[in-house]
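Quick notes on the structure that follows.
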Amino acid sequence: MNLALTELRRRPSRFVTATLILTLLSVLLMLLGGLLDGLTNNSVGAITAQRAEIITYSREAGVILTRSRIDPSTRASIEGVDGVDRIGGLGQTTIGARINDAGPRDLVGVALFGFEIPPVGITEVPADGEAIADDSLREQGAEIGSVLRLGPNETPLKVTGFISDSNFQNNASVWVSLDTWRQVTAENRPRAAVGQDVSQAITVMGDGTVPVAELIDRIDAATNGTTASFTPEGSVLENDAVQGQQGTFNQIIGVTVTIAVVVVALFFALLTVERTGLYGVLKAIGARSSTLFIGVVAQAIVVTLIASAIGSAIAVVLDVTLPPGVIPYQLGLSRVLFSVVALLFASVVGCAFSLRRVLRIDPASAIGTAL
Amino acid sequence: MTSAPASPPDSPASSAVGAPPALHLIDVRKLYVTGDTEVAAIDHATLTVAADEIVALVGPSGSGKTTLCSIAGGILGATSGQVVVTGQDITGYSERQLSAFRRESVGFVFQSVNLVPFLTARENLLVVDELGKRTGSAARQRADQLLEELGLSDRARNMPSELSGGQRQRVAIGRALMNDPKLVLFDEPTSALDSKLGDQVTQLIRHEMKSRGTAAIIVTHDDRITQYADRVVHISDGVLQA
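Order-wise, the sequence lines are chains A and B.
Residue numbers 600 to 970, in this note's numbering, belong to the letters of the first sequence in order.
Residue numbers 20 to 261, in this note's numbering, belong to the letters of the second sequence in order.
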């Protein structure tokens, strides 16, 4: 392996092309992944931001909040389940908002959430008439103290704080108390209004004595099957639009990884052909095929790591420099790690295509061969 | 330093007291099949090389001398017959066993020198250690000692492209001696050198082999080399001749 790494160090120009192509593929992988995560977050950020472990919907609603209704008796059933520590109502209405003194036509679509158990990023339920807004509303001019006028009745809400990454269905979220949500919805979207003590869903926190999966079963059993409960992540997976989006992007990511496999395979196959004489000599003086192949893999891994490091740096710079809201691009550590691991996997698989060539090199080729 | 052409090919000209022969080929055949025809590259060859003997294997192109050398070094397998090197019968060795045998028991110097182009002269010697069980500082000491003996101490850090043809060949000899072999196989070691340099390298080979008590087979078609061998064995159409 030392031999292979020494070659990398002393003859870097031989590996420039492969490093460059793998860097581009690395950037592409992270861009695609960042876009997927950004789009997903734009669609269901408010759901993944839930601090609660379980979200319970009415069964016929699937995971669509606006179709779901939980009445007080169902709520009481859920609250009485063994293993439940705390529950809270959750409701959502999509509505137009005017920020500060914006004109009647300067409407911004927002997802108004009423809640009782605060999501991650919010410490307590705002007072009536107050709201926590998603960061993305800052781009529209919102700041602490701004007044949002919601719906045709221009119901006023005062912004008292901001939350990150909590968009819903591509709209900025606005978080208010459950009562405020009911009031705003009733005043501006009467057909979407719910009755007193009714919510669209229930968020549940367990007491830690029962595994989440079992608690989900207990809740749905306690409501005689009238509810369907999921973890926040499970809710996202049940969402058809998100599934379609992820399927499409994952296919493109898969094709990109396949291209990386082909690039590495072709590059190292060519390099192996070029090294036939050298490998023949090394085999003649006692090198095992496995030693030579490990050298090829080590070179591929180092080239991939260098390419991934450059690719990650470019992707992070893009993430930092792109103004929020321009494109839904969100790069997280897990996405970077996934891209690096995917490329490493591609490079090892690509190298495997060179294994047969390495095995077939005859040490007798060393005789009469010039390097 | 005189040849002994009168000896039959299977009789060593000299022998170290008590040491087993460096090489013992017994009725070795190497056949190649081309279509329906069988071609004998080596035909019933029997040859013994004593523990400290230098044998020049001489013959025209295509006579089978390189094939014989490759069989003796465990690079090629014989179709039939027995190959015993320094007491090890390598006839039935697997690929893995042959790799270990080449790594530990024999040295090779190839016609085209074939140093690793991106390693320095010293590293080209140490590559032998890297391929086997690493001995670390012992290997480094041995490499430095060999380079000094070969007059290359001041060239240890030079890349092969920075060395002359003779210096490269000396590095190749050093590499062949790194594993302290009992048998070194030279394939046309002077073919790429002019006659003066060829003489110098051949003298060096003889000196290095004799000072270590190491046996050598020098494959050549250059009659001038034969004066440095203890014995000359001719080969023609795969058949060894006295």
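The beta-carbon is built from N, C-alpha and C at its ideal position, and this holds for glycine as well.
Of all C-beta pairs linking the segment 846–853 of chain A to the segment 886–896 of chain A, fewer than three are shorter than 8 Å, placing the two stretches out of contact.
Residues of chain A with a Cβ closer than 7 Å to the Cβ of I109(B) do not exist; the shortest Cβ-Cβ separation is about 13 Å.
Between D148(B) and T154(B), the gap from beta carbon to beta carbon is short of 7 Å. Taking C-alpha positions only, G695(A) is separated from V709(A) by approximately 6 Å. Contact check between the segment 173–189 of chain B and the segment 91–111 of chain B: fewer than three CB pairs, one atom from each, fall below 8 Å, which does not count as touching. Sequence-distant partners of V52(B) (beyond 5 residues in either direction) whose C-beta falls short of 8 Å from its own C-beta, in its chain, are V58. In the assembly as shown, P79(B) is an exposed residue. Its beta-carbon has fewer than 16 other beta-carbons within 10 Å. The Cβ atoms of A248(B) and A75(B) lie closer than 7 Å to each other.
As for any alpha helix (DSSP H) of minimum length 4 sitting wholly inside the segment 93–175 of chain B, the runs are 114–124, 140–150, 156–168, ordered along the chain. Contact annotation for E149(B) against chain A: N601, L602 [CB-CB distance below 8 Å, chain order]. Note on geometry: alpha-carbon atoms of T693(A) and L711(A) lie some 6 Å from one another. V925(A) counts as exposed, since fewer than 16 other C-beta atoms from the protein chains shown sit within 10 angstroms of its C-beta. Here the C-alpha atom of G83(B) lies approximately 14 Å from the C-alpha atom of T98(B).
Of the candidates R674(A), V856(A), T920(A), V856(A) places its Cα closest to the Cα of V940(A). As computed with DSSP, T239(B) is found in a beta bridge with V77(B). The DSSP-derived three-state label of E837(A) is helix. Under the three-state reduction of DSSP, S672(A) is assigned to helix.
When the five nearest sequence neighbours on each side are left out, the beta carbons in the same chain lying within less than 6 Å of the beta carbon of A651(A) are those of I716, T802, V803, M804, in order along the chain.
Between V238(B) and I192(B), the gap from beta carbon to beta carbon reaches 7 Å or more.
Taking 8 Å as the upper bound for CB-CB distance, C950(A) and F829(A) are not in contact here, some 42 Å apart.
Residue environment: V615(A) is assigned as exposed (fewer than 16 neighbouring CB atoms within 10 Å of its CB, all protein chains considered).
For the 7 Å CB-CB criterion, V902(A) and T618(A) form a contact. Assignment of beta-bridge partners to A771(A) by DSSP yields V709(A). Taking the Cα of L144(B) as reference, the smallest distance to any Cα among D218(B), Q246(B), G111(B), L166(B) is reached at L166(B). At a cut-off of 7 Å, the C-beta of L95(B) has a neighbouring C-beta in chain A.
Under DSSP, no beta-bridge partner is assigned to K84(B).
Residue contact with chain A for N133(B): present (Cβ-Cβ distance below 7 Å to some residue of chain A). In the three-state scheme derived from DSSP, where H, G and I count as helix and E and B as strand, K757(A) is classed as strand. Distance from G728(A) to T673(A) at the Cβ level is roughly 29 Å; contact not present, criterion being Cβ atoms closer than 8 Å. By the Cβ criterion, the segment 620–631 of chain A is not in contact with the segment 783–795 of chain A, since fewer than three pairs of Cβ atoms, one from each stretch, lie closer than 8 Å. Considering only beta carbons, the part of the segment 875–896 of chain A lying closer than 9 Å to chain B consists of G876, L877, G879, V880, L881, K882, A883, I884, G885, A886, R887, S888, T890, in chain order. V683(A) sits in a strand when the DSSP states are folded into three classes. In this structure, R668(A) places its C-beta atom within 7 Å of the C-beta atom of S657(A).
Any Cβ of chain B closer than 7 Å to the Cβ of R609(A) would place that residue at the interface, and such an atom is present. Contact holds between the segment 113–130 of chain B and the segment 870–883 of chain A, because three or more Cβ pairs, one in each stretch, are under 8 Å apart. Between R122(B) and G151(B), the gap from beta carbon to beta carbon is short of 7 Å.
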